[in-house]
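Visitor: The opening position of the sequence shown corresponds to residue 13 in my numbering, with each subsequent residue numbered one higher. We put the CB at the ideal spot given by N, CA and C, even for glycine. Here the structure is a predicted model, which means the values were calculated and not measured.
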Amino acid sequence: MSFRSYDLLKLVQNFGETLTLRKLTTSGTYNPATGSVSGSATTDYSFTGYFYSYDTLTNDQVLKGSRKCIIPALGFAVEPDEEDLIVGNGDTVTIVSVTTIFSNGAAVCYLCHVEE
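#1: What three-state label does DSSP hand Asp93 in the structure shown?
#2: Can you tell me where the alpha helix (DSSP H) holding Thr27 begins and where it ends?
#3: Which same chain residues end up closer than 7 angstroms to Arg34 when comparing Cβ atoms and leaving out the 5 residues on each side of it in sequence?
#4: Spatial neighbours of Val49 within its chain, please: CB distance less than 6 angstroms, with the 5 preceding and 5 following residues excluded, ordered by chain position.
#5: Give me whichever residues DSSP pairs with Phe59 in a beta bridge.
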């Protein structure tokens, strides 16, 4: 399924909901004696985004639980990265990949493939 950048922004404008992007800001320190990480920190960024479902066919199987989330780039302080979390819509999902959608050389939105 493909959209123009304007269509993506209209989906967010008309049907978007308040979500939170949770970024790992400090990875922390690994303690080899205990096998754990301490001192990691996250930062939350609120935005209005839009989730939609889609099916991915791989080896004749439909992979369930995969969705896309549209995050408007205009006025958003950070860029989403792989392994960031999106909280909202009743659950928490992990970003698997991010595609930046450009119009006339400017980032318009981020199209994030997310999974539970």
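Guide: Reading it off the structure:
#1: coil
#2: The sequence as given places Phe at residue 27; Thr does not occur at that position. Start and end: 17-27.
#3: Thr54, Asp56, Asp96, Leu97, Val99
#4: Gly40, Tyr42
#5: Leu31
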